[in-house]
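Please read the structure below before turning to the comments.
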Amino acid sequence: MAAKKIFASAEVAGELLGKDSVTLVNNRTGEQHHFPIVDGTEGPSLIDISNLYSQTGMFTYDPGFTSTGSCRSDITFIDGEKGILLYRGYPIEQLVDGADYLDVCYLLLHGELPSKLEGEQFAAVITNHTMLHEQLVSFYRGFKRSAHPMAIMVGVVGALSAFYHSDTDVHDPYQRMVAAHRLIAKMPTIGSYAYKYSKGQPFMYPKNDLTFSENLLRLMFAVPSEEYTINPIVAKAIDRILILHADHEQNASTSTVRLAGSSGANPFACIASGIASLWGPAHGGANEAVLNMLHEIGSVENIPKFVARAKDKDDKFRLMGFGHRVYKNYDPRATIMRQSCHEVLDELGVSDPLLPIALELEKIALKDSYFIEKKLYPNVDFYSGIILRATGFPVPMFTVLFAIARTVGWVAHWKEMYSGDETQRIGRPRQLYTGARRRDFQQLEIRKNRSPNWLRLWAGKK
Ligand code: SDX
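And the structure:
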């Protein structure tokens, strides 16, 4: 990977950089500044502005990072215009058909699909990390039975940092590897315990002769009083959903994990920060929000009313499961999910009254000029909820499943931060300050009679 060039001056940069550069003209001063263009293997080129401030005394301004690349990465590539998603170069459509979730975990972590022996060894390592420390189990007792399972996930995964603090020297590759294996392996156990706790049912122990997805199903739905039979259709559907959600380059939760990890923080605490970010309805929480929305719509006849609300600027309502920061075409995962929906429901002989509403909503929205102009297509969350409902997952557990799947993506990006040839620096964005200029302290005598308006300020009123 090319080392970063630091240029003595803009002129030198301009001569040295030639055509592989952009020139910024400051119209206030007439100064010219040159910045190198950096090319990846796929996708748009980037402008390396890492010394913009030292050259211009100015920062860039890009709230939401709509045009900003935060890092180099070899893991996942998305082409939003063409609806392409590659994990280490392999199209997601081929991976869901040819690989299982642990194969994809190996691929995301190590860059290649595993050989037979590599796959067997990796599966064995993960399998042997699935149990939780018995003391960790007592953490659940501290939650109300009605606690949202994602709140429990944030707490319990964060608490893992207290159990493994002593052996997570993030600069030791072996300890990074063990932390990665523990996180991937324990998430199904942690997530299933959140569900069991909410039901007042006993926690199940993992079984080492089951696959990752089979174990997850048994942990979720088995009870000690009888044998649990794995439905292969459901196990395959869950494995597909885990693959589809495994990684997605620099999304909000992965960027959160990278930023947390950039300070050298404990990896378990970093993943807990990713879970917190994923929980939001604009992100991974959307799958739960889609189901709630479909319930609220209630019938095909009500769809036009809700589509109108989604288009109304004064209405905060949005069609959950639609739109994406990157995909301005169909999310390839949604295409696969929709197809899976029909297969799973047919094979299980389940008819879900929400499916016709979802299909009709998609049809209406995709013909509506508002959605066409704003390039709003169904995303990965639009159909996943319907499949999960068919497999027996309760709605509050949908985002937990997303977190279980995405842990390998978070961990792969966290690992990549330590293995690139660029020294890992702490992430520390700057800002456009629009607050008060310097002013002297105001004694209480002066401000004592002002009528309180601090509550109004929370409502955004001046
Ligand atoms: C995931 O980043 C990732 O890769 C995420 C993810 C992953 O795998 O990690 O793919 C997983 O989070 C999928 C997204 C799930 N979220 C939802 O389904 C929630 C509904 N969608 C949105 O809120 C929204 O589309 C986002 C959050 C997904 C994207 O937000 P952006 O890129 O900031 O877009 P925006 O909010 O600026 O919207 C652009 C325009 C706006 O109108 P204008 O202000 O330009 O007039 O489109 C409108 C929005 O009002 N719009 C919608 C809409 N989504 C955007 N209008 C109605 N319904 C919607 N769902």
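Going by numbering that gives the first Met the number 0, the first residue of the sequence shown is number 0, and it counts up by one from there. Here a beta-carbon is modelled for each residue, glycine too, at the ideal position from N, C-alpha and C. For clarity, every value in this text was computed on a predicted model and none was experimentally measured.
Going by alpha carbons, who is nearest to residue i out of the options?
i: V95; options: N265, S350, A236 and L116; result: A236
i: S298; options: I74, L347 and I356; result: I356
i: T188; options: Q174, M219 and Y163; result: M219
i: G260; options: T167, Y227 and F64; result: T167
i: M130; options: A333, K206 and R87; result: K206
i: E41; options: A98, S53 and Y86; result: Y86
i: R144; options: R239, G199 and V177; result: G199
i: F316; options: S450, R257 and F305; result: F305
i: L358; options: E372, M336 and G79; result: M336
Using the C-alpha atoms, what's the distance from residue j back to residue i?
i: P393; j: L135; result: 24 angstroms
i: R437; j: R427; result: 24 angstroms
i: Q249; j: K81; result: 18 angstroms
i: I5; j: N50; result: For I5, the pLDDT reaches just 47, beneath the cut-off of 50, and the residue's location in the model is therefore unreliable, although a value from the coordinates is still provided. Rounded to whole angstroms, I5 to N50 spans 8 angstroms at the Cα level.
i: D73; j: L108; result: 10 angstroms
i: L454; j: E444; result: 22 angstroms
i: C340; j: D330; result: 15 angstroms
i: F58; j: H32; result: 13 angstroms
i: I386; j: G56; result: 52 angstroms
i: M0; j: S44; result: Because the pLDDT at M0 is just 44, under 50, the model does not fix this residue reliably, and the value given afterwards should be weighed accordingly. Computed Cα separation, rounded: 15 angstroms.
i: A208; j: G284; result: Here residue 208 is Asp; the residue named in the question, Ala, does not match the sequence. Their backbone Cα atoms lie some 32 angstroms apart in a straight line.
i: S418; j: L431; result: 33 angstroms
i: S262; j: S160; result: 15 angstroms
i: V407; j: D439; result: 51 angstroms
i: G118; j: L215; result: 19 angstroms
i: T255; j: P90; result: 25 angstroms
i: V233; j: S276; result: 28 angstroms
i: A158; j: M416; result: 23 angstroms
i: G322; j: A251; result: 15 angstroms
i: I403; j: E92; result: 20 angstroms
i: F142; j: P280; result: 22 angstroms
i: G273; j: Q442; result: 43 angstroms
i: N26; j: Q54; result: 15 angstroms
i: R257; j: F64; result: 15 angstroms
i: Y60; j: R217; result: 49 angstroms
i: V325; j: S69; result: 15 angstroms
i: Y369; j: H244; result: 28 angstroms
i: A307; j: M319; result: 14 angstroms
i: I46; j: V24; result: 15 angstroms
Less than 7 angstroms between C-beta atoms, sequence neighbours within five positions excluded: which residues of the same chain meet that for residue i?
i: F121; result: L101, Y105 and P113
i: A389; result: V343, L344, L347, V349 and D351
i: V399; result: P148, M149, M152, G190 and A193
i: D462; result: It is not possible to answer for residue 462, since the shown part of the chain is limited to 0 through 461.
Can you give me the Cβ contacts of residue i inside the same chain, cut-off strictly under 8 angstroms, excluding the 5 residues immediately before and after it?
i: I125; result: L101, C104, H180, I183, A184 and F211
i: R446; result: none
i: R424; result: S261
i: N448; result: none
So, at 6 angstroms on beta carbons, what are the nonlocal neighbours of residue i in its own chain, with the 5 sequence-adjacent residues on each side left out?
i: F397; result: N286, E287, G384 and L387
i: N291; result: none
i: K195; result: F202
i: K374; result: K327
i: L241; result: Y100 and A404
i: V410; result: A179 and L182
i: A271; result: V153, V156 and G157
Less than 7 angstroms between the CB of residue i and some heavy atom of the ligand COA, yes or no?
i: D99; result: This structure does not include the ligand COA; its bound ligands are the ligand SDX.
In chain order, which alpha helix (DSSP H) runs of at least 4 residues are fully inside the stretch 200 to 279? For the stretch 200 to 279, whole alpha helix (DSSP H) runs of length 4 or above, ordered along the chain, are 211 to 220, 231 to 243, 251 to 260 and 266 to 277.
Fully enclosed by the stretch 402 to 438, which beta strand (DSSP E) runs are 3 residues long or longer? Counting only runs that start and end inside the stretch 402 to 438, there is no beta strand (DSSP E) element of at least 3 residues.
List, from N- to C-terminal side, the alpha helix (DSSP H) runs of 4 residues or more that fit wholly inside the stretch 294 to 328. Listed in chain order, they are 302 to 310.
Those runs of the alpha helix (DSSP H) which lie wholly inside the stretch 106 to 147 and span at least 4 residues: Taking only runs of at least 4 residues, the alpha helix (DSSP H) segments lying wholly in the stretch 106 to 147 are 115 to 126 and 133 to 136.
Could you tell me which whole alpha helix (DSSP H) segments of length 4 or greater appear in the stretch 13 to 89? Those alpha helix (DSSP H) runs which fall completely within the stretch 13 to 89 and span 4+ residues are 51 to 55.
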